[in-house]
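Add 3 to the 1-based position in the sequence shown for our numbering, that's all there is to it.
C-beta: ideal position from N, C-alpha, C; glycine also.
Note that the structure is predicted; figures quoted are calculated from it, not measured.
Here the structure is laid out as structure tokens; the discussion comes afterwards.
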Amino acid sequence: MLDLSNFGPLDLVILQTTSFCNLDCDYCYLPDRHLKHQFSLDRIEPVFRRIFESPFVGDRFTVCWHAGEPLAVPISFYETALSQIAELDKTLNKTECEIAQSVQTNATLITPEWCDLFKRYNVQVGVSLDGPDFIHDAHRKTRTGLGTHHSTMRGIRHLQEQDVPFNIITVITEDSLDHADELFAFFMDNGLTDVGFNIEELEGVHQSSSLANGDARRRYKAFIRRFWALTAQSGGELKLREFERICNLIYSGDRIPRSGLTTPFVILNVDHQGNFSTFDPELLAIKTAEYGDFILGNILTDSLESVCQSEKFQRIYADITAGVELCQQTCQYYGICGGGSASNKYWENKTFRSSQTMACQYYEQMVTDLVVERLEESLGLTHV
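What follows is the structure in structure tokens.
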């Protein structure tokens, strides 16, 4: 029997409102984003009942409506769902665990009515925006090939006019690498000062990346070096997630014992049918030759802890753990990432039982090297 005390605590619950997305971004990992499957409101209660009867509940978790375009369903869906969750919080939550609500959206469908909903239910909003139009529209297109920058910025203006806080997620592709100044100026000119960089990853149905070559790595180093200088010149007005996270770890002396992406039930992913998985959200909708799918059970029939005893879970968990241990034994950056992402390892290295990936070089190693270098310079520790 596995010791479930090593699992959790739950930090993030991904709920797939719909598999459909009204955009057709060329770097998306999701396979069925053209299908209009929708989460049934009848599954809300079973999801939260399974959560609160499990041993994985801690002090706080965030519900993120994601894995498709969550605003592609009527507002009435969320009026009912969020109200229902608030009631379930009162009846099922016996530990005073805080539940936060969030949504990750392309913003093209945002209206003042959506903004009102976000404010009433205190929904944290994340917007996918790749920068100025000539970068954004190169990859984030409609199904007919049209750019979506104008529509996304219209949604952002609604958020700003209605005083709805939000953050930006920007996917960095090769098209971004020579334009650090333009990206920074665009963010500042439009009042976008809470930004995170994702990279174009090898993942799911997206089996190539413009960043998967040595020249792109060299250019990315120059790109983030320039972006650091620009954020410093702004007096820290623009907060870049990657810089903030690494600086906090270095200044505090804290290290990550194991990534939440590789620890069971730190993340719970639930698709539109009520099927659930744990570990990386990107694994939920994917099927592979080696493992089949990564679905562990269904919230209508299976408890979270019961699936931990299944042969399928134990095989996946053992392989992921072997990869984490390999990282711990071989990588000097382990304390920064805690063993990385199982999904990145699988898609890049074809096995969970592996260590370094292109993703960890971009997300962790190059950023950490830059931050350490700049902090040493500021302290006068640089060797001449």
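7 Å Cβ shell around residue i - same chain, five flanking residues per side excluded
| i | result |
| --- | --- |
| arginine 377 | Trp231 |
| valine 3 | Any property of residue 3 remains undetermined from this structure, which presents the chain solely from 4 to 387. |
| threonine 114 | His161 |
| isoleucine 323 | Thr265, Phe282, Ala345 and Phe355 |
| threonine 333 | Ser358 |
| glutamate 116 | Ile78 |
| leucine 286 | Ser280, Phe297 and Ser346 |
| aspartate 62 | Cys100 and Glu101 |
Contact belief for residue i with residue j at Cβ below 8 Å, rounded distance in angstroms
| i | j | result |
| --- | --- | --- |
| glycine 71 | arginine 46 | No, glycine 71 and arginine 46 are not in contact; Cβ-Cβ is about 15 Å, not under 8 Å. |
| threonine 21 | alanine 75 | 5 Å |
| leucine 7 | glutamate 308 | 6 Å |
| aspartate 178 | isoleucine 138 | 5 Å |
| threonine 83 | leucine 44 | 6 Å |
| serine 212 | leucine 205 | 5 Å |
| glycine 207 | proline 73 | With 8 Å as the limit, glycine 207 and proline 73 do not qualify as a contact, their Cβ atoms being about 18 Å apart. |
| glycine 194 | glutamine 165 | That pair is no contact at about 14 Å. |
| alanine 215 | methionine 361 | 6 Å |
Separation of residue j from residue i, as counted between CA atoms
| i | j | result |
| --- | --- | --- |
| serine 105 | glycine 129 | 8 Å |
| leucine 271 | leucine 382 | 42 Å |
| leucine 329 | tyrosine 337 | 10 Å |
| threonine 265 | proline 77 | 34 Å |
| asparagine 9 | proline 58 | 11 Å |
| leucine 112 | glutamate 314 | 42 Å |
| aspartate 133 | isoleucine 175 | 7 Å |
| glutamate 379 | isoleucine 253 | 12 Å |
| proline 260 | isoleucine 249 | 15 Å |
| leucine 299 | asparagine 278 | 7 Å |
| isoleucine 88 | phenylalanine 51 | 8 Å |
| glycine 199 | glutamate 245 | 7 Å |
| arginine 228 | tyrosine 32 | 28 Å |
| histidine 40 | serine 306 | 24 Å |
| tryptophan 350 | aspartate 257 | 29 Å |
| asparagine 125 | histidine 69 | 17 Å |
| glutamate 48 | leucine 186 | 43 Å |
| leucine 18 | glycine 238 | 37 Å |
| glutamine 209 | phenylalanine 190 | The sequence shown places histidine at residue 209, not glutamine. If you take the alpha carbons of histidine 209 and phenylalanine 190, they lie about 27 Å apart. |
| histidine 182 | glutamate 90 | 48 Å |
| lysine 290 | leucine 243 | 34 Å |
| glutamine 236 | aspartate 184 | 12 Å |
| glutamate 293 | proline 12 | 29 Å |
| threonine 98 | serine 86 | 20 Å |
| arginine 318 | alanine 219 | 35 Å |
| aspartate 92 | glycine 148 | 43 Å |
| threonine 173 | glycine 295 | 31 Å |
Own chain, CB closer than 6 Å to residue i, minus 5 neighbours either side, in chain order
| i | result |
| --- | --- |
| aspartate 136 | His152 |
| arginine 222 | Leu180 |
| leucine 5 | Cys311 |
| proline 284 | Ile17 and Asn272 |
Terminal residues of the beta strand (DSSP E) in which residue i lies
| i | result |
| --- | --- |
| glycine 129 | 126-131 |
| aspartate 192 | Aspartate 192 -> not in any beta strand (DSSP E); alpha helix (DSSP H) instead, spanning 183-192. |
| isoleucine 171 | 169-175 |
| valine 16 | 15-18 |
| leucine 271 | 270-273 |
Run of the alpha helix (DSSP H) containing residue i, from where it starts to where it stops
| i | result |
| --- | --- |
| glycine 158 | 152-164 |
| alanine 121 | Per the sequence shown, residue 121 should be read as phenylalanine rather than alanine. Start and end: 115-123. |
| isoleucine 319 | 314-333 |
| glycine 217 | 217-236 |
| glycine 338 | 337-340 |
| cysteine 422 | In the structure displayed, the chain extends from 4 to 387; residue 422 sits before or after that span and is not available. |
| threonine 354 | Threonine 354 -> no alpha helix (DSSP H), and no H or E assigned at all. |
| glutamate 101 | Careful: glutamate 101 lies outside any alpha helix (DSSP H), inside the beta strand (DSSP E) at 101-108. |
| aspartate 92 | 78-95 |
| lysine 51 | According to the sequence provided, residue 51 is phenylalanine. The question's lysine does not apply to it. It spans 47-56 - the alpha helix (DSSP H) in which phenylalanine 51 sits, taken as one unbroken run. |
Residue i vs residue j beta-carbon contact at 8 Å
| i | j | result |
| --- | --- | --- |
| isoleucine 202 | tyrosine 365 | yes |
| isoleucine 171 | aspartate 197 | yes |
| histidine 142 | cysteine 28 | yes |
| glutamine 331 | glycine 343 | no |
| lysine 348 | glycine 326 | yes |
| aspartate 14 | phenylalanine 64 | yes |
| cysteine 340 | serine 262 | yes |
| valine 273 | isoleucine 302 | yes |
| phenylalanine 80 | histidine 275 | no |
| leucine 26 | threonine 145 | yes |
| valine 60 | cysteine 100 | yes |
Cutoff 8 Å; reference residue i; Cβ partners in own chain excluding five residues on either side
| i | result |
| --- | --- |
| glutamine 368 | Tyr336 |
| threonine 155 | Asn109, Ala110, Thr111, Val130, Ser131, Leu132, His139 and Arg143 |
| leucine 373 | Lys224, Ile227, Arg228 and Trp231 |
| valine 375 | Ile253 |
Short CB-CB distance (under 8 Å) between residue i and chain C
| i | result |
| --- | --- |
| asparagine 96 | Going by chain labels, chain C is absent from the structure shown, which holds only one protein chain. |
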